[in-house]
Amino acid sequence: MAGHGEAQPMRATAGGPLRGVAEIPGDKSVSHRALILGALSVGETAITGLLEGQDVLDTGRAMAAFGASVERDGPGAWRVQGVGVGGFREPQDVIDCGNSGTGVRLIMGAAATTDLTATFTGDESLRSRPMGRVTDPLALFGAEARGRRGGRLPITLTGAAEPVPVRYATPVASAQVKSAVLLAGLNAPGETVVIEKEPTRDHTERMLAGFGAEVGVETTAEGRVVTLVGQPELRPQRIAVPRDPSSAAFPVAAALLAPGSEVRVPGIGLNPTRAGLYQTLVEMGAAIEFVDRREEGGEPVADLVVRHGPLAGIEVPPERAASMIDEYPILAALAATAEGRTVMRGVKELRVKESDRIDAMARGLEACGVTVEEGPDWFIVHGRGADGVPGGATVASRLDHRIAMSFLCLGLASRSPVTVDDAGPITTSFPSFVPLMRALGADLAG
Ligand code: S3P
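Residue numbers for the sequence shown, in this note's numbering: 52 to 497.
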């Protein structure tokens, strides 16, 4: 698949133990939201620990195109001069969100209740992903979207000149859909309500409250009900972005996989709507200690200490899926080295991520000598035990950073090296992945 620039193949080979401290960059979800809400507040928001991955940089550029000033002071330190709720101006050119579903969906939401027209696009992966899930609820506010067949990007969105508030029950468990509706609700008069059957990551609600919006959250028979009072004046914030649990998952997995390893991963965000993988790993028998639990930037965090050890396959409860939706690829890689089967159900959303992640993991694992069974919304990995994965394959990363990182981790515990055809997409979410893993002792050649 053609991406941005030339494919960068990379090979992972099993070797010595991984040791040391893994400094994980800022949380991708929180970083996008910090830039967008900073742009919608009146005055200057100062952000530290911002993830400087391509996805987030694309969102920063988009905020500038809508009229905010977005400036970098130093590594992870950014300032956003906001234009206020309803203050977006019409961009002069197409907004390219690159690989980022979160970026494009949240920004379409933020733009949907302002009287302007903007055209959005992205890379080949993003242009194949469903956008009707956000343009349908945005139409209820009065916005109009025209895209390619199937609601695909490029999409031209005309925001509602006189938006009405909306009450919307999300048909899919998606924090992006919930967030798009809430961000649109900011510039609608009255109360916008989003109801989700299963709770998804709640960074938007938390951050909106931090910026001074009136946000209520209730659990009712219908599900989790989030209510936002529209047209607030958002007050600029100082935001310390916690480190990303989804990125931390890769060095954690590598330490579990490589014999003799011990890795410390400090300050990882453990918001319960994000921490499902860590609970799952503990249930599989992983040796992970959670040290110095504390709160940073309004989010619960802890230092993780991870030691190599055997894993046992399990049935992952489907109701946990939303809290670890980005972690199934690396879980599937770990499951390949476990004793017994790991059963993952209720995961149909994996089919519409940066790639079809069930298919990408199943084909890649099979190429590495691992048996996988799959259905529309489930897959089962048959573990081959700690030294049992043959490897020796070249796997397609399909413009998907998490597929690339998952197979590179698996290569660190396979009998023969594993190559990914393109490690380039890793820069979308974890630009320091390769040097960080090498510093811990991983043999990555590319
Ligand atoms: C995200 C929500 C999830 C997740 C994505 C980030 C967010 O997507 O997969 O990586 O920041 O809101 P969905 O909302 O589509 O589940």
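Just so it is clear, CB atoms sit at the ideal spot from N, CA and C, and this is done for glycine as well.
Cβ-Cβ distance between residue i and residue j below 8 Å
i, j, result
"S457", "D472", "no"
"D78", "V292", "yes"
"V136", "L237", "yes"
"V217", "P240", "no"
"R325", "P361", "no"
"G420", "P68", "no"
"L308", "T388", "yes"
"M488", "A305", "yes"
"T221", "E247", "yes"
"D147", "D109", "yes"
"P482", "E103", "yes"
"T96", "Q288", "yes"
"G154", "A231", "no"
"L208", "A169", "yes"
"V266", "E256", "yes"
"G442", "V469", "yes"
"G397", "P369", "yes"
"S176", "L495", "no"
"L463", "V440", "no"
"I376", "E400", "yes"
"A363", "M335", "yes"
"R358", "A338", "yes"
"G475", "G56", "yes"
"G149", "L91", "no"
"T251", "A226", "yes"
"R275", "P76", "no"
"D206", "R197", "It should be pointed out that residue 206 corresponds to Ile in this sequence rather than to Asp. A contact, by the Cβ cut-off of 8 Å."
"L459", "M61", "yes"
"G311", "L285", "no"
Opening and closing residue of the beta strand (DSSP E) in which residue i lies
i, result
"I339", "A338 to E347"
"A63", "M61 to T64"
"R289", "R289 to A291"
"T168", "T168 to T172"
"A72", "It is worth fixing the name first, because residue 72 is Val in this sequence and not Ala. From DSSP, the beta strand (DSSP E) with V72 extends over R70 to V72."
"L279", "G274 to V280"
"G267", "V266 to T271"
"I98", "V93 to T99"
"V121", "S120 to G125"
"A128", "A128 to V134"
"G198", "E195 to R199"
"T502", "Outside the displayed span of the chain (52 to 497) sits residue 502, for which this structure offers no information."
"T470", "V469 to V471"
Any non-hydrogen atom of the ligand S3P closer than 7 Å to residue i Cβ
i, result
"T251", "yes"
"G89", "no"
"V398", "no"
"V228", "yes"
"G152", "yes"
"S457", "no"
"K248", "no"
"S406", "no"
"S483", "no"
"S179", "no"
"H452", "no"
"D187", "no"
"D174", "no"
"D295", "no"
"S467", "no"
"I376", "yes"
"S80", "yes"
"S298", "no"
"S225", "yes"
"H83", "yes"
Start and end residues, alpha helix (DSSP H) containing residue i
i, result
"L204", "Careful: L204 lies outside any alpha helix (DSSP H), inside the beta strand (DSSP E) at R203 to T209."
"T186", "G183 to F192"
"R453", "H452 to G462"
"R84", "K79 to A90"
"L321", "Taken as a continuous stretch (DSSP letters only), L321 belongs to no alpha helix (DSSP H), as it is neither H nor E."
"E256", "H254 to G261"
"Q105", "Q105 to A116"
"A224", "Element bounds for A224: n/a, residue is neither H nor E."
"I158", "G152 to A162"
"I381", "Y379 to A387"
"V303", "P296 to L308"
Which residues DSSP lists as bridging residue i, in chain order
i, result
"H433", "R392 and T422"
"Y219", "V245"
"D494", "T64"
"A353", "I319"
"V333", "Paired residues: none, contrary to the question."
"A474", "Its beta-bridge partners do not exist; DSSP assigns none."
"G442", "S467"
Test: residue i CB closer than 8 Å to a CB of chain C
i, result
"R218", "No chain C appears in the structure shown, which is made up of a single protein chain."
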